[in-house]
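Visitor: Starting off with a structure, shown below.
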């Protein structure tokens with residue numbers, strides 16, 4: 011099965027073709043849910059964002075699709091029947107996320123307003139897994155990207171970070187970056203090595219793309235929050 015709808019503003023659902031995605035309202039009343047900013051790592055001051063939340067149910071499993079929406083939001087959301095989502099014509103929306111029914115993060119999505127290109131899927135370290143319940147069709151995917159390495163380096167220490175993915179796609183390319191004052195060098199495929207500089211917290215991110223045809227989730231990013239000793 012599959013489902014499609016258009017979200018306008020924070021609560022108006024139009025052109026709904028199925029029953030898998032259901033807009034929910036908070037128990038406290040109102041039209042939006044207040045959630046922590048899921049894209050920020052640990053150690054950052056907690057801030058909240060108002061969101062539209064859909065229950066997405068497949069094969070008895072339910073996840074939460076969260077849209078960082080406002081009164082000017084307009085976006086078409088397609089669901090593939092296996093907790094995979096495609097977004098079209100995103101206006102006044104920059105982020106979304108998929109959570110378990112208990113609000114454990116599975117993955118989140120960065121829209122062109124921030125990414126500058128395609129919608130980017132980010133899988134945080136230690137995130138929950140998507141529940142089963144798809145169509146059974148084998149697809150070519152990058153899957154979950156996990157970044158591992160030294161979590162508490164010291165200034166001047168040589169460190170290595172490695173990205174691994176769970177999917178079956180080949181012809182992988184790796185783009186590394188670091189969000190913080192530190193600088194890493196010698197970016198080399200699935201691993202990056204360098205001398206850690208500074209003592210401030212930073213987020214090491216690897217964006218993985220695939221040159222295979224028919225890949226359904228390229229690009230996918232994994233990240234690791236690093237707190238220097």
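Numbering (this note's numbering), first residue to last: 11 to 239.
C-beta: ideal position from N, C-alpha, C; glycine also.
For residue 100, which residues from the same chain have a beta carbon less than 6 angstroms from its beta carbon, with the 5 sequence-adjacent residues on both sides left out?
Guide: Translated into positions along the chain shown, residue 100 becomes position 90. The residues are 85 and 121.
Visitor: Rounding to the nearest angstrom, what Cα-Cα distance links residue 31 and residue 90 in this structure?
Guide: Here residue 31 corresponds to residue number 21 of the chain shown, with the count starting at 1. Here residue 90 corresponds to residue number 80 of the chain shown, with the count starting at 1. Whole-angstrom Cα-Cα distance: 11 angstroms.
Visitor: Are residue 215 and residue 231 close, meaning C-beta to C-beta below 8 angstroms?
Guide: For the purposes of this step, residue 215 is taken as residue 205 along the chain shown, with counting starting at 1. For the purposes of this step, residue 231 is taken as residue 221 along the chain shown, with counting starting at 1. For residue 215 and residue 231, yes; Cβs fall inside 8 angstroms.
Visitor: To the nearest angstrom, how far is the alpha carbon of residue 155 from that of residue 123?
Guide: By one-based count along the chain shown, residue 155 stands at place 145. By one-based count along the chain shown, residue 123 stands at place 113. Cα-Cα distance, rounded: 23 angstroms.
Visitor: Would you give the residue range spanned by the beta strand (DSSP E) that residue 212 belongs to?
Guide: Here the question's residue 212 lines up with position 202 in the chain shown. Note, residue 212: beta strand (DSSP E), 212-220.
Visitor: For residue 240 and residue 88, what's the separation of their Cα atoms in angstroms?
Guide: In the structure as shown, the chain begins at 11 and stops at 239. Residue 240 is therefore absent and cannot be evaluated.
Visitor: How far does the alpha helix (DSSP H) with residue 123 in it reach, from first residue to last?
Guide: Along the chain shown, one-based indexing puts residue 123 at 113. That run of the alpha helix (DSSP H) goes 122-125.
Visitor: Who does residue 173 pair with in a DSSP beta bridge?
Guide: Sequence index remark: in the chain shown, residue 173 carries index 163 (1-based). For residue 173, which the question treats as bridged, DSSP gives the partners 157.
Visitor: DSSP on residue 95, reduced to helix/strand/coil?
Guide: Taking the chain shown and counting its residues from 1, one reaches residue 95 at position 85. In this structure, residue 95 counts as strand in the three-state DSSP scheme.
Visitor: Which residue's Cα is closest to the Cα of residue 20: 28, 37 and 64?
Guide: As a working mapping, residue 20 is identified with position 10 in the chain shown. The residue with the shortest Cα to Cα distance from residue 20 is 64.
Visitor: With DSSP run on the structure shown, which of helix, strand or coil describes residue 62?
Guide: Taking the first residue of the chain shown as 1, we reach residue 62 at position 52. Strand at residue 62.
Visitor: Quick one, are the C-beta atoms of residue 152 and residue 227 less than 8 angstroms apart?
Guide: The sequence position of residue 152 within the chain shown is 142, counting from 1. The sequence position of residue 227 within the chain shown is 217, counting from 1. Yes, these two residues count as a Cβ contact at 8 angstroms.
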